[in-house]
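For reference, each letter of the sequence shown is one residue, going 1 to 589 in full-length UniProt numbering. Each residue gets a CB set at the ideal place from its N, CA and C atoms; glycine is no exception.
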Amino acid sequence: MDVKVSIGEEVVMNTPIKVEVRKDKGGTSLNNASATERSAEQRYPAKVYEAARKLADVIKGANVKDIISTIETLACQADSSAVFNFRRLSRGSLLHIAAATGESNIVRLLLERVDAHLIAARDDWGNTPLHIATKAKAFGVVAMLIRHVRDLPDVEDRLLLRKKNNYGNTALHEAVLARDVNLVRHLLNEDSELVYSANMDQKSPMYLAIDTCDPQIFQVLFSPSLDPSRIEGLPPVHGAVARKQYDLLGQILRKDTKLFAMRDSRGGNVFHLAAFWNVPEVFKFLQPETEYLAQEQDNNGDLPIHIASKRGHVELINKLHLVSKWVNGKGQTVLHVAAKYGREEVVRYILKHRDLREMINERDDDGNTASHLAVKNLHLTALMHLVLDEEMDPYLLNHEGLAAVDIAGLSSQTGLRRVEADDVINTMLVVATLVASVSFTAGFAVPGGLNGSDLASKDDQGMATLLDNRKFQAFVICNTVAMLCSMASVIGFLFTYLTEIHISIFGCHLAGLLLAISLPPTSAAFLIGVILTIEKLPWLAIVMVILGSIFVLVITAALLASPLSEEAPSSHPSSDIEPLSRLHDIISN
Numbered sequence: 001m002d003v004k005v006s007i008g009e010e011v012v013m014n015t016p017i018k019v020e021v022r023k024d025k026g027g028t029s030l031n032n033a034s035a036t037e038r039s040a041e042q043r044y045p046a047k048v049y050e051a052a053r054k055l056a057d058v059i060k061g062a063n064v065k066d067i068i069s070t071i072e073t074l075a076c077q078a079d080s081s082a083v084f085n086f087r088r089l090s091r092g093s094l095l096h097i098a099a100a101t102g103e104s105n106i107v108r109l110l111l112e113r114v115d116a117h118l119i120a121a122r123d124d125w126g127n128t129p130l131h132i133a134t135k136a137k138a139f140g141v142v143a144m145l146i147r148h149v150r151d152l153p154d155v156e157d158r159l160l161l162r163k164k165n166n167y168g169n170t171a172l173h174e175a176v177l178a179r180d181v182n183l184v185r186h187l188l189n190e191d192s193e194l195v196y197s198a199n200m201d202q203k204s205p206m207y208l209a210i211d212t213c214d215p216q217i218f219q220v221l222f223s224p225s226l227d228p229s230r231i232e233g234l235p236p237v238h239g240a241v242a243r244k245q246y247d248l249l250g251q252i253l254r255k256d257t258k259l260f261a262m263r264d265s266r267g268g269n270v271f272h273l274a275a276f277w278n279v280p281e282v283f284k285f286l287q288p289e290t291e292y293l294a295q296e297q298d299n300n301g302d303l304p305i306h307i308a309s310k311r312g313h314v315e316l317i318n319k320l321h322l323v324s325k326w327v328n329g330k331g332q333t334v335l336h337v338a339a340k341y342g343r344e345e346v347v348r349y350i351l352k353h354r355d356l357r358e359m360i361n362e363r364d365d366d367g368n369t370a371s372h373l374a375v376k377n378l379h380l381t382a383l384m385h386l387v388l389d390e391e392m393d394p395y396l397l398n399h400e401g402l403a404a405v406d407i408a409g410l411s412s413q414t415g416l417r418r419v420e421a422d423d424v425i426n427t428m429l430v431v432a433t434l435v436a437s438v439s440f441t442a443g444f445a446v447p448g449g450l451n452g453s454d455l456a457s458k459d460d461q462g463m464a465t466l467l468d469n470r471k472f473q474a475f476v477i478c479n480t481v482a483m484l485c486s487m488a489s490v491i492g493f494l495f496t497y498l499t500e501i502h503i504s505i506f507g508c509h510l511a512g513l514l515l516a517i518s519l520p521p522t523s524a525a526f527l528i529g530v531i532l533t534i535e536k537l538p539w540l541a542i543v544m545v546i547l548g549s550i551f552v553l554v555i556t557a558a559l560l561a562s563p564l565s566e567e568a569p570s571s572h573p574s575s576d577i578e579p580l581s582r583l584h585d586i587i588s589n
């Protein structure tokens with residue numbers, strides 16, 4: 001069957017244009033009017049766009065007969081070649097729209113009429129028709145497009161397969177995202193190199209297979225000829241850790257240890273990542289054939305055990321210390337790292353460990369011991385454990401000729417030192433005393449008063465008149481908590497004046513915490529007491545409840561964010577320098 005499209009003279013331009021598009025018996029396109037197509041598109045842009053838009057609407061209907069009929073109609077209105085090759089539709093070219101339908105017959109009809117270069121044309125998102133067909137899971141269209149490119153002279157079919165869209169995805173990436181195993185297998189057979197390519201998110205098709213939790217596709221991509229060193233972007237094994245696919249992680253280890261040992265751009269292997277995220281399940285793969293990975297340094301010179309120490313993961317240190325080196329690229333042990341980052345629980349664990357405690361006086365490449373680093377970084381809690389250890393040598397010098405005690409003395413002379421540490425402690429002591437006094441007074445001057453001896457029975461004399469009232473009972477509880485905590489806080493602050501550093505630190509910690517606990521109950525007790533005296537006027541009581549609740553919450557939030565409620569005041573420099581000064585005095589004496 002021959003389809004002849006003829007366009008006569010146009011009145012506007014007075015230019016005769018004749019184009020013939022024939023379909024021979026073999027189905028080969030005889031379109032040789034690319035120059036005419038460009039000329040027509042430039043001369044009649046509105047006409048060409050309108051004709052292309054109408055044809056696009058027909059293509060979306062996926063009816064071949066309607067498409068042929070439309071072609072014959074359009075032949076009388078505009079140049080057919082310009083219409084077929086029009087690329088500025090909202091969804092790309094007509095070939096893009098046809099590929100999205102997934103209908104091979106429609107795509108074949110267009111392939112016989114479009115220019116060869118259009119098969120690699122991109123839409124606004126950078127997708128070629130092959131990308132679109134892959135997203136539509138149209139296996140027949142994908143195969144047809146690849147065959148068509150292969151048959152074109154002077155065109156390498158792999159160029160189309162390796163083209164990336166604006167997101168860096170090849171057709172294989174899109175096939176993995178579409179979770180179509182057959183398409184993945186077909187594209188991989190066409191070009192096995194696609195498995196190595198990374199997209200804009202640094203994810204290869206193999207990583208995406210894990211990222212989409214599709215182990216079946218991963219098995220297709222995982223071939224014996226795979227070279228892990230050529231995989232671009234993120235290591236797939238890291239994706240298995242991120243997605244907690246530990247079974248798949250085991251399969252990778254059994255099939256290819258090189259893939260299991262892949263590193264990321266920062267030089268970290270799978271154990272570095274697991275140590276950072278605290279994933280103990282990964283360390284069950286710490287076997288004789290993988291122990292060397294626990295001794296590898298990342299780009300910062302850290303081993304997995306140092307990452308675990310930096311993050312405070314004691315359980316992982318316990319797993320790694322038997323198979324790992326103790327020193328990183330800077331000559332620092334895990335104790336150095338823990339002291340530097342203030343990981344008090346790690347410091348305590350190491351000092352209690354029979355073997356690891358030997359690190360206490362080890363020096364790094366700068367000559368610093370763990371104590372030096374704890375002092376330099378103002379991590380008081382970690383420093384306390386080091387100082388109290390009998391084997392700690394406070395006189396070891398670093399390469400600057402300074403001992404830990406010297407750094408403590410220098411730190412106490414820097415701008416970080418609070419002006420008057422005693423004034424701060426005295427202020428908190430006064431606050432604690434005031435809270436205790438107010439609470440003590442409120443305990444006897446209760447709302448509603450006490451039963452007198454005249455009207456009350458013998459058993460009720462001296463009892464609170466509102467004893468059975470639930471609000472009064474809440475008042476008593478809050479007031480008692482405030483009283484006890486504030487009194488204990490006063491005693492705690494007194495301990496800060498003792499010369500024993502560990503008692504002083506403990507007293508300051510405890511007193512600050514108890515003072516922080518006492519303030520919200522004090523506010524709550526006052527609020528309840530006021531409500532008890534005005535509850536006969538509901539609107540006023542409601543207003544007081546709302547206002548009081550807001551301020552109690554504000555006070556509580558402020559205390560939680562303040563140094564008073566922090567267990568480790570090392571994050572607050574002003575609370576660290578005074579004990580450092582005391583450390584200097586104690587060791588010097």
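Query, Result
"Run through DSSP, which three-state label would I534 get?", "helix"
"For G92, which of helix, strand or coil comes out of DSSP?", "strand"
"Classify A382 as helix, strand or coil using the three-state DSSP reduction.", "helix"
"By the 10 Å Cβ neighbour count, where 16 or more other Cβ atoms means buried, how is T70 classified, buried or exposed?", "buried"
"Please report the residue range of the alpha helix (DSSP H) in which T480 lies.", "R470 to F495"
"Just the C-alpha distance for I450 and L466, rounded to the nearest angstrom, thanks.", "Correcting the residue identity first, residue 450 is Leu in this sequence and not Ile. Roughly 8 Å between the two C-alpha positions."
"Between the alpha carbons of V114 and G61, how many angstroms are there, rounded?", "20 Å"
"Output yes or no for whether 8 Å exceeds the beta carbon distance between E296 and N269.", "yes"
"Look at the alpha carbon of L378 and the alpha carbon of G342, and state the distance between them as a whole number of angstroms.", "8 Å"
"Where does A178 fall in DSSP's three states?", "coil"
"What residues in its chain sit with their C-beta under 7 Å from that of T433, if we drop five residues either side in the sequence?", "V490"
"Per DSSP, L450 is paired with what?", "A464"
"Looking at the secondary structure, which residues open and close the alpha helix (DSSP H) in which M359 lies?", "No alpha helix (DSSP H) contains M359, which DSSP labels as neither H nor E."
"Throw me the rounded Cβ distance for the T212 and L177 pair, which I believe falls under 8 Å.", "7 Å"
"Given this structure, state the Cα-to-Cα distance separating F260 from G239, to the nearest angstrom.", "11 Å"
"For S225, does the three-state DSSP call read helix, strand or coil?", "coil"
"So, with DSSP's three-state summary, where would you put W277?", "helix"
"When DSSP labels each residue in this structure, what does W125 get in the three-state scheme?", "coil"
"I'd like the list of long-range same chain contacts for R87, defined as Cβ closer than 6 Å, with 5 residues on each side in sequence excluded.", "S93 and A121"
"What alpha helix (DSSP H) runs, 4 residues minimum, are completely inside the segment 179–257?", "181–190, 205–211, 215–221, 236–242 and 246–255"
"Between which residues of its own chain and D66 is the CB-CB distance below 6 Å, once the five residues before and five after are set aside?", "V58"
"On the DSSP letters alone, give me the boundaries of the alpha helix (DSSP H) that E390 sits inside.", "Per DSSP, E390 belongs to no alpha helix (DSSP H) and is neither H nor E."
"Could you give the residue range of the alpha helix (DSSP H) that holds N105?", "S104 to L111"
"Taking a contact to mean a Cβ-Cβ separation below 8 Å, would you say L510 touches G492 in this structure?", "yes"
"Please determine, among K203, K352 and L303, the residue with the shortest C-alpha to C-alpha distance to E390.", "K352"
"Would you report the Cα separation of K54 and V142, rounded to the nearest angstrom?", "25 Å"
"What is the DSSP secondary structure of N318, reduced to helix, strand or coil?", "helix"
"First and last residue of the alpha helix (DSSP H) that includes I59?", "P45 to K60"
"If distances are taken between C-alpha atoms only, which option among D393, V446, S225 and N398 comes closest to D365?", "N398"
"Figure out for me which residue from G233, R263 and K284 has the closest Cα to the Cα of A247.", "The sequence shown places Asp at residue 247, not Ala. It is K284."
"Which residue wins for smallest C-alpha separation from H313, given the options Y292, I517, H272 and V323?", "H272"
"Between the beta-carbon of K258 and the beta-carbon of P304, is there less than 8 Å?", "no"
"Once you ignore the five residues that flank S371 on each side, which residues in its own chain have a CB closer than 6 Å to its CB?", "L386 and A404"
"Please list the terminal residues of the continuous alpha helix (DSSP H) segment that includes V323.", "Looking at the DSSP string, V323 is not in any alpha helix (DSSP H), and its letter there is neither H nor E."
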